[in-house]
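Presented below is the structure to which this report refers.
Residue numbers (full-length UniProt numbering): 1 to 106.
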């Protein structure tokens, strides 16, 4: 289990324990955190779970698939730190993961 610290659009932070094998998106949705809409339920088809990861946090996850990279490429405000939280599966080597949740109204 890893502690995922969601840095929310309003400037607050929320820590959630996310089991190994579940996604960063799952942790947010199951705890009703704002910002990660997850319209497609985690099937990597809508990009409404866009988050930003530091390079340190990004190293804890598999690289983006071509499908994820293509969706991110067309997001307004995408940066090199952009990832889809539905594709960020928590592994056993992660103790603490920081993610920046973007404002879903942008």
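Don't be surprised by glycine CBs; every beta carbon is placed ideally from N, CA and C.
On a predicted model such as this, the values are computed, not experimentally measured, just so you know.
Per DSSP, the bridge partner or partners of residue i
{"i": "residue 5", "result": "15 and 98"}
{"i": "residue 84", "result": "50"}
{"i": "residue 89", "result": "23"}
Simplified DSSP assignment, three categories, for residue i
{"i": "residue 45", "result": "coil"}
{"i": "residue 75", "result": "coil"}
{"i": "residue 23", "result": "strand"}
8 Å contact criterion, which residue i and residue j should meet: CB distance rounded
{"i": "residue 33", "j": "residue 61", "result": "With 8 Å as the limit, residue 33 and residue 61 do not qualify as a contact, their Cβ atoms being about 19 Å apart."}
{"i": "residue 85", "j": "residue 16", "result": "No, residue 85 and residue 16 are not in contact; Cβ-Cβ is about 12 Å, not under 8 Å."}
Where residue i falls, given that 16 or more other Cβ within 10 Å makes a residue buried
{"i": "residue 1", "result": "exposed"}
{"i": "residue 45", "result": "exposed"}
{"i": "residue 20", "result": "exposed"}
{"i": "residue 91", "result": "exposed"}
{"i": "residue 93", "result": "exposed"}
{"i": "residue 28", "result": "buried"}
{"i": "residue 115", "result": "Since the first and last residues shown for the chain are 1 and 106, residue 115 lies out of range."}
{"i": "residue 26", "result": "buried"}
{"i": "residue 100", "result": "buried"}
Same chain only: Cβ atoms within 8 Å of residue i, ignoring 5 sequence neighbours per side
{"i": "residue 83", "result": "50, 51, 52, 53, 58, 61, 64, 68 and 72"}
{"i": "residue 79", "result": "52"}
Cut-off 7 Å between Cβ atoms - residues of its own chain near residue i, not counting five sequence neighbours on either side
{"i": "residue 103", "result": "9 and 35"}
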